[in-house]
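Trainee: The structure is given below, and queries will be raised subsequently.
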Amino acid sequence: MTTTVCGRCKSSGAVTDYQGRQDGAVVWTILRCATCNFSWRDSEPARAIDPAARSADFAVDAGDLQRYPKILQQ
Amino acid sequence: MNDLPNRARSISSLRDFLELLEDSGQAITWSDPVMPEPGVRNIAVAASRDANGAPAIVFDNITGYPGKRLAVGVHGSWDNIALLLGRPKGTTIRELFFEIAGRWGDQEAQISYVPEAQAPVHECRLEQDINLYDILPVYRINEYDGGFYIGKASVASRDPLDPDNFGKQNVGIYRLQIQGPDSFTLMTIPAHDMGRQILAAEREKVPLKIAVMLGNHPGLAVFAATPIGYEESEYSYASAMMGAPIRLTKSGNGIDILADSEIVIEAELQLGERELEGPFGEFPGSYSGVRKAPIFKVTAVSHRRDPIFENIYIGRGWTEHDTLIGLHTSAPIYAQLRQSFPEVTAVNALYQHGLTGIISVKNRMAGFAKTVALRALSTPHGVMYLKNLIMVDADVDPFDLNQVMWALSTRTRADDVIVLPNMPAVPIDPSAVVPGKGHRLIIDATSYLPPDPVGEAHLVTPPTGDEIDALSKRIREMQLGALS
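Heads up: the protein sequence lines correspond to chains W and G, in order. Mind the numbering: the first sequence is residues 410 to 483 in my numbering, read in order. Mind the numbering: the second sequence is residues 34 to 517 in my numbering, read in order.
Next comes the structure, spelled out in structure tokens:
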């Protein structure tokens with residue numbers, strides 16, 4: 410069962426963008442977090458997509474998205 | 034294969050080049066099943082360990098992407114670059130450098146236009162229900178990238194304030210993060226042409242349309258990645274540097290594009306909107322941060338039948354990024370320095386896009402190399418990128434690090450090191466004091482001239498020249514012969 414919890418910011422409610430098929434059967438699903446835009450494939454190694462196994466260095470703080478700078482300002 | 038220069042000039046597409054590479058043992062097809070992650074990354078990284086001889090790899094059996102093809106490492110070795118330049122495998126980096134430097138201003142551009150209906154890139158066209166994931170066999174390039182990146186896109190755009198001016202069209206390499214089925218963010222900074230165009234479009238509230246070309250004439254990626262004057266066309270420049278014609282056509286949204294590219298994504302800037310993107314494993318070998326970047330909406334996609342998606346591995350070096358842009362980062366600095374100082378004999382800016390550069394110069398007077406170093410910092414590329422400069426004599430080959438280390442060991446005094454604090458810096462340089470601001474280092478490893486009291490040492494002069502080259506080759510042949 411594909412989780413829709415984001416491995417990066419732990420928000421729920423990711424959307425499905427694509428499903429890869431092999432001989433007609435779905436072999437993986439690409440999801441995208443509606444909060445932090447992290448995109449992932451559910452077949453990736455756990456250390457990239459599982460919040461429990463993923464390095465905290467690469468977490469995104471869903472409660473403070475204002476901290477991330479905006480590029481190209483007038 | 035005796036006619037490599039003509040064969041190189043006859044290349045008009047990625048497919049032509051892959052054929053040339055395959056004929057030369059420089060392209061392989063990976064037909065074993067491979068998972069997008071981590072399989073594709075692992076294979077791309079393993080190949081790029083061999084900077085001299087790595088082949089391009091074409092994947093045609095990626096799990097979940099039946100029938101789709103992906104190429105990596107097309108520019109991933111010096112041998113592949115040599116073949117692109119019409120030179121044989123085994124050509125030295127120094128020879129390739131002078132091959133490119135010698136082409137500077139040497140040729141006229143040859144641009145021709147192909148009617149859209151006859152352009153291979155428009156063989157297949159999608160204008161609705163677009164899902165980029167359905168077209169591109171993407172994969173996570175580095176483990177903690179924020180999403181699926183298109184790392185080797187040549188993005189063409191017209192100046193939003195002067196859309197009819199051919200020269201002000203911009204073609205540059207940018208990296209794109211796919212943001213759902215029909216959107217992507219594009220990373221740029223105000224100093225890049227694309228950054229200027231985005232800011233201009235948003236200020237004047239006029240549309241900015243772009244065409245993202247994937248799987249292109251291999252000369253474009255080499256020659257469009259380097260800063261040239263804003264009003265010079267990258268197409269004309271690439272054609273002149275290749276000494277070969279370039280075929281253009283129009284994209285559906287009215288931009289000049291390569292007629293023989295594999296895939297073209299047409300898109301429009303969403304004025305004023307920014308979306309979270311990143312991080313991405315960048316060329317310094319570290320991740321960029323998470324930022325809010327401009328977002329584009331895809332309006333149409335054209336592609337050849339059975340298109341090949343070309344991508345690149347970028348990360349901690351050595352990678353394809355270094356062979357792709359290294360020589361053509363070095364050659365303009367060389368040409369610009371020689372306008373002022375003909376004593377400059379070679380420039381090696383291969384390392385991390387020139388974050389470290391090595392310049393060979395014949396000292397005109399005591400301390401002259403330092404003057405040349407300061408001039409290098411004011412070249413267009415030097416302003417942001419040349420962070421560490423090592424100055425060596427003209428008798429030292431800057432592409433031979435053993436020779437460079439000899440010069441450092443024997444010709445550097447600790448007070449011949451200059452630190453220039455708080456200078457402009459590349460924002461993604463991880464050593465910067467703050468992003469965009471850092472220190473510069475100049476190491477003068479050249480010899481001493483009067484009035485310096487030491488003077489030049491009495492140097493050993495080992496034999497060099499054709500005779501030694503021939504002996505070296507014979508020894509190698511005898512060594513190989515001993516195995517058979």
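Glycine residues also receive a C-beta, built at the ideal position from the N, C-alpha and C atoms. Keep in mind that this is a model prediction, so the values were computed, not measured.
Give me the subset of the stretch 447 to 466 of chain G whose CB atoms are less than 8 angstroms from a CB atom of chain W, sorted by chain position.
Mentor: none
Trainee: Hey, is the stretch 226 to 235 of chain G in contact with the stretch 186 to 198 of chain G, meaning 3+ C-beta pairs nearer than 8 angstroms?
Mentor: yes
Trainee: Rounded to whole angstroms, what's the CA-CA distance from Ala465(W) to Ala458(G)? Just pull it up for me.
Mentor: 28 angstroms
Trainee: Strictly below 8 angstroms CB to CB, what residues from chain W border Leu309(G)?
Mentor: The answer, in chain order, is Cys445, Asn446, Val469, Leu474, Tyr477.
Trainee: To the nearest whole angstrom, what separates the beta carbons of Ala333(G) and Glu299(G), a pair I think is in contact under 8 angstroms?
Mentor: 4 angstroms
Trainee: Taking beta-carbon pairs under 9 angstroms, can you tell me which members of the stretch 222 to 234 of chain G lie near chain W?
Mentor: Ile222, Pro223, Gly228, Ile231, Leu232
Trainee: If you run the structure through DSSP and keep just helix, strand and coil, what is Val425(G)?
Mentor: Per DSSP, reduced to three states, the secondary structure at Val425(G) is strand.
Trainee: Go ahead and pull the three-state DSSP assignment for Tyr477(W).
Mentor: coil
Trainee: Is there a C-beta anywhere in chain G that falls below 8 angstroms from the one on Leu440(W)?
Mentor: no
Trainee: I need the boundaries of the alpha helix (DSSP H) containing Leu118(G), first residue and last residue.
Mentor: Careful: Leu118(G) lies outside any alpha helix (DSSP H) and carries neither H nor E.
Trainee: Give me, in chain order, the residues of the same chain whose beta-carbon lies closer than 6 angstroms to that of Ser319(G); leave out the 5 immediate sequence neighbours on both sides.
Mentor: Pro463
Trainee: If you drop the 5 nearest sequence neighbours on each side, which residues of the same chain put their C-beta closer than 7 angstroms to that of Val437(G)?
Mentor: If you ignore the 5 residues before and after Val437(G), its C-beta comes within less than 7 angstroms of the C-beta of Ile391, Ile423, Val425, Val429, Pro431, all in its own chain and listed in chain order.
Trainee: What residues of chain W sit near Asp167(G), judged by a beta carbon separation below 9 angstroms?
Mentor: Tyr427
Trainee: Enumerate, from N- to C-terminal direction, the unbroken beta strand (DSSP E) stretches of 3 or more residues contained entirely within the stretch 411 to 481 of chain G.
Mentor: The qualifying runs are 421 to 426, 450 to 457, 470 to 478.
Trainee: So, with DSSP's three-state summary, where would you put Val323(G)?
Mentor: coil
Trainee: Let me know if Met417(G) comes out buried or exposed under the rule of 16 or more other beta-carbons within 10 Å of its beta-carbon.
Mentor: buried
Trainee: Grab the span of the beta strand (DSSP E) containing Met246(G) for me, first residue to last.
Mentor: 242 to 247
Trainee: Of all Cβ atoms in chain W, is any one closer than 8 angstroms to the Cβ of Asn164(G)?
Mentor: yes
Trainee: Starting from Arg371(G), trace the alpha helix (DSSP H) in both directions and tell me its first and last residue.
Mentor: Per DSSP, the unbroken alpha helix (DSSP H) holding Arg371(G) starts and ends at 353 to 373.
Trainee: Would you call the CB atoms of Arg173(G) and Ala423(W) closer than 8 angstroms?
Mentor: no
Trainee: List the residues of chain W that Met68(G) touches, going by C-beta distances under 7 angstroms, in chain order.
Mentor: Ser452
Trainee: Cβ of Met410(W) less than 8 angstroms from any chain G Cβ?
Mentor: Only weak support is given to the placement of Met410(W): the predicted model assigns it a pLDDT of 48, under 50, and the value that follows is read from those uncertain coordinates. No, because no Cβ of chain G sits closer than 8 angstroms to the Cβ of Met410(W).
Trainee: Report buried or exposed for Lys201(G), applying the criterion of at least 16 other Cβ atoms within 10 angstroms of its Cβ.
Mentor: Buried: at least 16 other Cβ atoms inside 10 Å.
Trainee: Counting only the same chain and skipping the five closest in sequence on each side, list residues whose C-beta sits under 7 angstroms from that of Pro223(G).
Mentor: Around Pro223(G), the same chain offers Arg229, Leu232 as residues with beta carbons nearer than 7 angstroms, after the five sequence neighbours per side are excluded.
Trainee: Among the candidates Gln59(G), Gly471(G), Thr282(G), Met68(G), whose CA atom is the shortest distance from the CA of Pro148(G)?
Mentor: Thr282(G)
Trainee: How would you list, in chain order, the residues of chain G whose beta-carbon sits under 8 angstroms from the beta-carbon of Ala457(W)?
Mentor: By Cβ distance, chain G contributes Glu70, Arg173, Glu176, Tyr177.
Trainee: How close, in whole Å, do the beta carbons of Cys418(W) and Ala471(W) come, if the pair is a contact with beta carbons under 8 angstroms?
Mentor: 4 angstroms
Trainee: Leaving out the 5 sequence neighbours to the left and right, which residues in its chain are closer than 8 angstroms to Ser448(W) when beta-carbon positions are compared?
Mentor: In its chain, beyond the 5 residues on either side, Asp426, Ile439, Leu440, Arg441, Cys442 have a beta carbon closer than 8 angstroms to the beta carbon of Ser448(W).
Trainee: Give the range of the beta strand (DSSP E) segment to which Gly429(W) is assigned.
Mentor: Counted as a single uninterrupted DSSP element, the beta strand (DSSP E) harbouring Gly429(W) occupies residues 424 to 431.
Trainee: Would you list, in chain order, the members of the stretch 371 to 382 of chain G that have their beta-carbon closer than 7 angstroms to a beta-carbon of chain W?
Mentor: none
Trainee: Taking only beta-carbon atoms, is Val414(W) less than 8 angstroms away from chain G?
Mentor: No, no contact with chain G.
Trainee: Going along the chain, which residues of its own chain have a beta-carbon closer than 6 angstroms to the beta-carbon of Ala277(G), five neighbours each way excluded?
Mentor: Arg42
Trainee: Using DSSP with H/G/I as helix, E/B as strand and the rest coil, what is Arg102(G)?
Mentor: strand
Trainee: If Ser480(G) and Asn381(G) are in contact, beta carbons under 8 angstroms, what's the gap, nearest whole angstrom?
Mentor: Their Cβ separation, rounded to whole angstroms, is 19 angstroms, which puts Ser480(G) and Asn381(G) out of contact at 8 angstroms.
Trainee: So for Arg42(G), helix, strand or coil by DSSP?
Mentor: helix
Trainee: Any beta-carbon of chain W closer than 8 angstroms to the one on Arg349(G)?
Mentor: no
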